Amino acid sequence: MEEPTSIKKVVKTFGKIKRPSSLSSEEKQEILRRLFQKEAKVFPLDSEVQEKIQKRLDWIEGPKLIKPKLTELKKFAEEVKEEFSHIVWCGMGGSALFPLVLSQTLGPREGYPTFFALDTNDPEVIAQVESLPLEKTLFFIVSKSGTTVETLSHFKYFWEKISQLKKSPGENFCALTDPGSPLEEEAKKLGFRKIFSHPPFVGGRYAALTEVGFLPASLLGLDLSKALKYAEDMYNSCYPDIHWDYNLASILAEFLIENYIQGRDKLTFITDPLLKPFALWLEQLIAESLGKELTGIVPVVGESPGSPTVYGTDRCFVYLALRGRERIYQRLITELKESGFPVKSFILEDRYEIFAEAFRWMLAIALGGYFLSLNPFDEPDVIFSKQKTKELLEKFSQTQDFGIEFYLDEETEIGFYYEDPVKLEYPRFSALLKKHFSDLSPWHYIGFLAYLPENSEVEEIFRDFRTLVREKKNCSTLFGFGPRYLHSTGQLFKGGPILARFLIFTRRGRRREQVIPGENYTFWDQQFAQAWGDFKALNEKNRPTIMIHLTENYQEDLKKFYFLLERALTF
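In numbering that gives the first Met the number 0, the protein residues as written are 0 to 570.
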């Protein structure tokens with residue numbers, strides 16, 4: 000019998016992997032040198048891919064690109080804080096995650112505007128933004144391509160709201176986008192307060208040390224000189240004249256790849272709570288850069304720490320903590336090491352060191368792409384969900400009907416939907432869940448994907464789900480809010496390792512008043528279409544997925560679901 004195409008592809012990909020320990024010091028040093036010289040040909044890929052890589056290598060200059068612009072950013076931030084009480088940063092994925100990290104880890108400083116990173120289209124969150132004093136709110140519309148659907152929807156919706164309050168709405172809007180993008184053209188036409196240029200040869204998730212990081216840092220009133228100094232120190236500690244064995248980025252890259260080759264592909268982060276937002280940024284960087292061609296490192300972020308006995312042999316660990324707080328999980332770290340798990344610890348002296356760590360990890364992940372023979376700067380599988388979402392929204396705009404009927408669990412009144420390749424029917428929700436989890440191995444991972452409001456209460460409920468699955472099945476669990484994850488871990492889910500299963504959660508809650516101007520649908524409709532589009536894409540990629548549709552009382556439904564999940568995992 001001929002091998003399935005997917006197996007052939009895995010074998011082919013694995014055959015191209017280079018092992019760092021098998022290379023000489025001179026060979027490894029040469030890789031670093033060529034990367035710092037922006038030589039795309041250092042990546043062992045075909046010429047067409049190398050041409051694409053060439054247009055994504057300016058991040059390697061670290062803080063050099065932003066340094067001459069800091070004075071201008073500080074001046075602008077001082078003007079903003081005199082006029083506005085709130086800032087809403089509208090972006091997705093690489094355009095929003097590092098600003099989110101800064102706002103939750105470092106700022107804002109006293110006297111500076113309240114900063115809100117809006118990277119969702121959830122109706123409840125949109126309503127929260129609407130409740131702000133909009134006349135005193137400055138909106139940043141951030142999209143490298145200038146075409147990000149959620150971000151443009153934010154812009155259209157809040158532009159109309161501001162237009163109802165003042166004659167010159169452009170005073171309340173700024174843009175950060177590539178030169179010549181559709182967003183830049185629209186911003187010029189509408190008279191935005193200011194347009195910032197995104198470095199065109201830097202991809203979104205590698206943009207933390209550009210305007211994407213330093214502009215929000217200035218708006219938060221952070222010490223830009225201090226942030227720059229940390230970034231420069233790390234840049235100098237990763238430069239090619241530093242021997243590979245002492246180079247801070249190459250040491251990390253070798254740790255990641257050597258563990259991957261030995262079957263430890265679930266990179267699990269144990270994080271000081273104060274640094275948890277930074278782990279989300281790392282999750283995107285790793286998943287979207289290396290999760291493709293049916294291979295890749297799986298970043299596990301946000302699991303509740305457990306004893307060594309609950310972890311499978313496919314795990315390696317990174318411990319992130321601030322100096323003085325490292326004892327929080329020190330006992331667990333010691334136990335993991337004593338049990339034979341590889342652990343790499345990063346103890347930061349200051350929260351500002353996240354600017355340094357950003358460069359270390361970007362370089363390490365780019366090196367990881369070299370060793371895995373992958374392009375770490377593209378996201379080829381993201382388009383599948385986008386296309387299916389677009390098709391469903393076009394249909395809905397014409398008919399005002401999604402044409403989707405869920406099964407209904409009579410016990411809980413929770414809706415559910417699935418596609419079984421062997422056409423078996425599971426009319427009972429409990430039976431379907433049991434089937435979904437029945438043949439899991441410890442090497443699988445389970446993804447819980449929630450198109451729900453981004454808040455700590457919801458996250459805590461899903462953390463309980465994750466702990467339950469890990470305790471019962473010994474496998475890794477991931478969690479993501481939709482549509483945020485579509486712009487981060489979504490690439491890994493569709494293009495990465497095939498031993499994965501998913502549960503997508505949506506809920507009733509359409510708000511008729513939240514129609515997006517120029518479109519014939521609301522934010523809820525857009526969000527639901529994205530969930531459905533990803534459900535279809537995951538199934539087509541042979542990742543078994545169940546879609547679960549909750550009522551308006553979704554938190555109570557999630558508590559009911561816990562008992563269904565517990566039952567499915569127990570019998």
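For glycine and all other residues, C-beta sits at the position ideal for the given N, C-alpha and C. Note that the coordinates shown come from a computational prediction; the quantities given were computed from them, not determined experimentally.
- Item | Reference Tyr416; option with closest CA among Asn538, Ser94, Phe97 and Phe383 | Start at 1 with the first residue of the sequence shown, and residue 416 comes out as number 417. The shortest Cα separation from Tyr416 among Asn538, Ser94, Phe97 and Phe383 belongs to Asn538.
- Item | Terminal residues of the alpha helix (DSSP H) in which Tyr259 lies | Numbered from its first residue, the sequence shown carries residue 259 at position 260. Per DSSP, Tyr259 belongs to the alpha helix (DSSP H) from Leu247 to Ile260.
- Where in the stretch 411-474 do unbroken runs of the beta strand (DSSP E), each at least 3 residues long, occur, reported from the N-terminal end onward? 414-417 and 444-449
- Item | Test item: CB-CB of Lys40 and Gln28 under 8 Å | For the purposes of this step, residue 40 is taken as the residue at position 41 of the sequence shown. For the purposes of this step, residue 28 is taken as the residue at position 29 of the sequence shown. No, Cβ-Cβ distance for Lys40 and Gln28 is not below 8 Å.
- Message: With a threshold of 8 Å, are at least 3 pairs of Cβ atoms found where one atom belongs to the stretch 107-117 and the other to the stretch 86-93?
- Response: yes
- Task: Counting only the same chain and skipping the five closest in sequence on each side, list residues whose C-beta sits under 6 Å from that of Met0.
- Result: For this step, residue 0 is matched to residue 1 along the sequence shown. Note on Met0: pLDDT 34, under 50, position unreliable in the model; no value is reported.
- Assign Phe534 to one of two classes, buried (16 or more other C-beta atoms within 10 Å of its C-beta) or exposed (fewer than that). As a first step, residue 534 is located in the sequence shown; it is residue number 535 there, counting from the start. Phe534 comes out buried.
- Task: Put Val79 into one of helix, strand or coil per three-state DSSP.
- Result: Locating residue 79 in the sequence shown gives position 80, counting from the first residue. Looking at Val79 - three-state DSSP - the assignment turns out to be helix.
- Task: Determine the DSSP secondary structure at Arg18, reduced to helix, strand or coil.
- Result: As a first step, residue 18 must be located in the sequence shown, where it is residue number 19. Looking at Arg18 - three-state DSSP - the assignment turns out to be coil, as it is neither helix nor strand.
- Message: What does the Cβ neighbour count give for Ser288, buried or exposed, with the cut at 16 atoms within 10 Å?
- Response: As a working note, residue 288 is residue 289 in the sequence shown. When all chains shown are included, Ser288 counts as buried.
- Query: Does the Cβ of Ala430 have 16 or more other Cβ atoms within 10 Å, making it buried, or fewer, making it exposed?
  - Reply: Numbered from 1 along the sequence shown, position 431 holds the residue referred to as residue 430. Result: exposed.
- Okay, do the stretch 515-526 and the stretch 463-478 touch, 3+ Cβ pairs below 8 Å being the bar? no
- Just the C-alpha distance for Phe401 and Arg204, rounded to the nearest angstrom, thanks. Within the sequence shown, residue 401 is the residue found at index 402, counting from 1. Within the sequence shown, residue 204 is the residue found at index 205, counting from 1. Taking the straight line joining both Cα atoms gives about 33 Å.
- Item | Closest Cα partner of Gln490 within the set Thr569, Phe436, Asn552 and Phe376 | In the sequence shown, counting from the first residue as 1, residue 490 sits at position 491. It is Phe376.
- Message: Using a Cβ-Cβ cutoff of less than 7 Å, which residues in the same chain neighbour Glu378 once the five nearest sequence positions on both sides are dropped?
- Response: Residue 378 sits at position 379 when you count from the first residue of the sequence shown. If we look at Glu378 and ignore the five residues flanking it on each side, its Cβ neighbours are Glu287 and Gln490.
- Message: I need the DSSP call for Tyr406, collapsed to helix, strand or coil.
- Response: By one-based count along the sequence shown, residue 406 stands at place 407. Reduced to three states, the DSSP call for Tyr406 is strand.
- Three-state secondary structure (DSSP) at Lys394? One-based indexing of the sequence shown puts residue 394 at position 395. Residue state, collapsed to three classes: helix.
- Task: Going by DSSP, name the residue or residues bridged to Phe577.
- Result: Outside the shown range of the chain (0 to 570) lies residue 577, about which nothing can therefore be said.
- Would you mind working out which of Arg324, Val299 and Ser306 sits nearest Phe492, comparing C-alpha positions? What you label residue 492 is simply residue 493 of the sequence shown in a count that begins at 1. Checked all of Arg324, Val299 and Ser306; the closest Cα to Phe492 is Val299.
- Write down the C-beta distance between Ile413 and Lys559 rounded to the nearest angstrom, noting that I regard them as a contact closer than 8 Å. Mapped onto the sequence shown, residue 413 falls at position 414. Mapped onto the sequence shown, residue 559 falls at position 560. So it is a contact: roughly 7 Å between Cβ atoms.
- For the putative contact between Tyr318 and Tyr229, defined by C-beta atoms under 8 Å, what is the C-beta separation to the nearest angstrom? By 1-based counting over the sequence shown, the position of residue 318 is 319. By 1-based counting over the sequence shown, the position of residue 229 is 230. Not confirmed; about 20 Å, so no contact.
- Query: Rounded to a whole number of angstroms, what is the C-alpha to C-alpha distance between Thr333 and Ser236?
  - Reply: Working through the sequence shown from its first residue, we reach residue 333 at position 334. Working through the sequence shown from its first residue, we reach residue 236 at position 237. Going from the Cα of Thr333 to the Cα of Ser236 covers about 28 Å.
- Look up Pro332 in the DSSP assignment and say whether it is helix, strand or coil. Position 333 of the sequence shown, counted from the start, is the residue given in the question as residue 332. Correcting the residue type first, residue 332 is Ile in the shown sequence and not Pro. In the structure shown, Ile332 sits in a helix (DSSP, three-state: H, G or I).
- With C-beta atoms as the reference, is Leu31 less than 8 Å away from Ser249? Here the question's residue 31 lines up with position 32 in the sequence shown. Here the question's residue 249 lines up with position 250 in the sequence shown. Contact: yes.
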